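So in the numbering used here, spot 127 of the sequence shown is number 159, and the numbers just go up one at a time.
Virtual Cβ for every residue (Gly too), placed ideally from N, Cα, C.
Quick caveat, the model's predicted, so the values are computed rather than measured.
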Amino acid sequence: DYASSEISAIHAQTRRFEQTRNAALAAAQRLEATEARRLAERDRRRVEAQLRLAKEKEESQQATARKIAKAALAPMVGRAFAELESRGGVFYDTRAREVEKEFLPWLWESVENRLNVQVGVAGRVMESAVEAQIDEI
33 DYASSEISAI
43 HAQTRRFEQT
53 RNAALAAAQR
63 LEATEARRLA
73 ERDRRRVEAQ
83 LRLAKEKEES
93 QQATARKIAK
103 AALAPMVGRA
113 FAELESRGGV
123 FYDTRAREVE
133 KEFLPWLWES
143 VENRLNVQVG
153 VAGRVMESAV
163 EAQIDEI
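As structure tokens, then:
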């Protein structure tokens, strides 16, 4: 009987030991998983920071390149426009061109016609006046 109670006590102690060991293993696994997540997050943030810095550097270089290009091209653009305008008006104001090509010729023709009519009337009046003066003499 003593032997069976001793064996039961050993089995109970073995179960308690295994439970304690399993609990310790589970806690260690949780700690390892937490540490692995923490390291992964740190690495992810490091990669994000590197990508952000690389992007900022590229944007800065592009902005600098744009400024240099604008500074170099600005005088050329002005000269090019001036040259094109001086070669026969490649660039022109459409309203001014329309006034010049459509409205002014029509206006001059209308004025000329009206003056011709008035000169004709004035000529006839003058002829009548001259004839009346001649008839009186």
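A straight line joining the alpha-carbon of leucine 105 with that of valine 131 spans about 34 Å.
For aspartate 75, the enclosing alpha helix (DSSP H) stretches over residues 34–118. C-alpha of serine 92 to C-alpha of lysine 102: approximately 15 Å in a straight line. According to the DSSP assignment, valine 149 belongs to the alpha helix (DSSP H) that extends over 136–168. Leucine 147 and methionine 158 have their C-alpha atoms spaced approximately 16 Å apart.
No residue range can be given for glutamate 132, since it is assigned to no alpha helix (DSSP H) and is classified by DSSP as neither H nor E.
Distance between isoleucine 39 and arginine 48, taken at the CA atoms: about 14 Å. Separation of tyrosine 124 and alanine 114 (C-alpha to C-alpha, rounded to the nearest whole angstrom) is 12 Å.
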